[in-house]
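Engineer:
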């Protein structure tokens, strides 16, 4: 979702006024760490850490689930959360540029390859002339979706626009694809109404899709900048609890858990 300046102005003002006491958490190293996550796979991974590994670091974790990509950052800004684990560096950079929020990337945990899915067609090459393709409406994932379509020969983007591409940057569209721009969480539901949809890995898994088996096309993992990771506010970037949580999320135990639980649909980094 593109971020409306008026909404963020309210949130940032609230944070500046001490709403949620964003600095208070740093002064109490024994307080629970409130971490915002998407339900799948982030909440599953974090709950595994909270239940099996956190005690080894004398760490208490409160898992707070969100079903969209905006609230975990706005809640972090206003002090309702201490950290979140759901986003990529490009998404965070876009949020910071649009909002002015002082958030810090702490480190990567896993990659969820973006995929092209369809209930009507078995291969990307089968998409007919004029096919309706749904893509996410936030800047980062819209660009990723269009890059995936380009990598599979369905469109060509204007040179130099790949990282920030929107549907307006499609230069060559030999199949006259029609683009439907939706909130990322709505993409799995769009499959019955479109020829295909480019769906984020977490929403695909949550909808019962297996990216490794069900996607008509899937992002390549080599050199992919879109790992999901841990983020916090600037004043908490050196907080012992945040650093301990990252160490646990990047541990061999979590890598083994991800490999065993998600069968290649989520990849540890």
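Numbering (the numbering used here), first residue to last: 242 to 510.
Even glycine gets a Cβ: it sits at the ideal position worked out from N, Cα and C.
Out of 282, 503, 487 and 457, which one is the CA nearest neighbour of residue 514?
Structural biologist: This structure leaves residue 514 out entirely; the chain is present only between 242 and 510.
Engineer: Does the region 417-427 come close enough to the region 334-343 that 3 or more CB-CB pairs lie under 8 angstroms?
Structural biologist: With the cut-off at 8 angstroms, the region 334-343 and the region 417-427 do not touch.
Engineer: Would you call residue 476 buried or exposed, if buried means 16 or more other Cβ atoms sit within 10 Å of its Cβ?
Structural biologist: The residue in question, residue 476, is exposed, as its Cβ has fewer than 16 Cβ neighbours within 10 Å.
Engineer: With distances taken from CA atoms, which of 461, 443 and 383 is nearest residue 404?
Structural biologist: Cα-wise, what sits closest to residue 404 is 383.
Engineer: From which residue to which residue does the beta strand (DSSP E) around residue 495 run?
Structural biologist: No beta strand (DSSP E) contains residue 495, which is instead part of the alpha helix (DSSP H) from 493-503.
Engineer: Using the three-state DSSP reduction, which class does residue 286 fall into: helix, strand or coil?
Structural biologist: If DSSP states are grouped into helix, strand and coil, residue 286 belongs with the helices.
Engineer: Pairing CB atoms from the region 450-459 with CB atoms from the region 309-325, are three or more of them under 8 angstroms?
Structural biologist: The region 450-459 vs the region 309-325: no contact.
Engineer: Please list the terminal residues of the continuous alpha helix (DSSP H) segment that includes residue 332.
Structural biologist: Start and end: 330-340.
Engineer: With residue 460 as the anchor, note down where its beta strand (DSSP E) starts and where it stops.
Structural biologist: Here residue 460 belongs to no beta strand (DSSP E), and DSSP marks it neither H nor E.
Engineer: Give me the Cα-Cα distance between residue 394 and residue 437, rounded to the nearest whole angstrom.
Structural biologist: Residue 394 and residue 437: Cα-Cα distance of roughly 15 angstroms.
Engineer: Suppose the cutoff is 7 angstroms on Cβ atoms and the five residues either side in sequence are ignored; what does the same chain contact list for residue 386 look like?
Structural biologist: Cβ neighbours of residue 386 beyond the five flanking positions: 355, 376, 377 and 439.
Engineer: Going by alpha carbons, who is nearest to residue 510 out of 311, 345, 365 and 492?
Structural biologist: Checking every option, the nearest Cα to that of residue 510 belongs to 492.
Engineer: For the putative contact between residue 432 and residue 372, defined by C-beta atoms under 8 angstroms, what is the C-beta separation to the nearest angstrom?
Structural biologist: Rounded, the Cβ-Cβ distance is 13 angstroms, inconsistent with contact.
Engineer: Please report the distance separating the alpha-carbon of residue 410 from that of residue 307.
Structural biologist: Rounded to whole angstroms, residue 410 to residue 307 spans 31 angstroms at the Cα level.
Engineer: Less than 8 angstroms between the C-beta atoms of residue 276 and residue 305, yes or no?
Structural biologist: Yes. Within cutoff.
Engineer: Rounded to a whole number of angstroms, what is the C-alpha to C-alpha distance between residue 379 and residue 296?
Structural biologist: About 37 angstroms.
Engineer: Can you have a look at residue 482 and say buried or exposed, based on whether 16 or more other CB atoms are within 10 angstroms of its CB?
Structural biologist: It counts as buried.
Engineer: Tell me the rounded alpha-carbon separation between residue 500 and residue 352.
Structural biologist: Rounded to whole angstroms, residue 500 to residue 352 spans 12 angstroms at the Cα level.
Engineer: Which complete beta strand (DSSP E) runs does the region 394-422 hold, if anything under 3 residues is left out?
Structural biologist: Taking only runs of at least 3 residues, the beta strand (DSSP E) segments lying wholly in the region 394-422 are 411-413.
Engineer: Between which residues of its own chain and residue 312 is the CB-CB distance below 8 angstroms, once the five residues before and five after are set aside?
Structural biologist: So the list reads 277, once near-sequence residues are dropped.
Engineer: DSSP on residue 265, reduced to helix/strand/coil?
Structural biologist: Here the model assigns residue 265 a pLDDT of 40, short of 50, so the residue's position is not dependable and the matter cannot be decided.
Engineer: If you draw a straight line from the alpha carbon of residue 498 to that of residue 484, how long is it in whole angstroms?
Structural biologist: Each residue's Cα considered, the two are about 20 angstroms apart.
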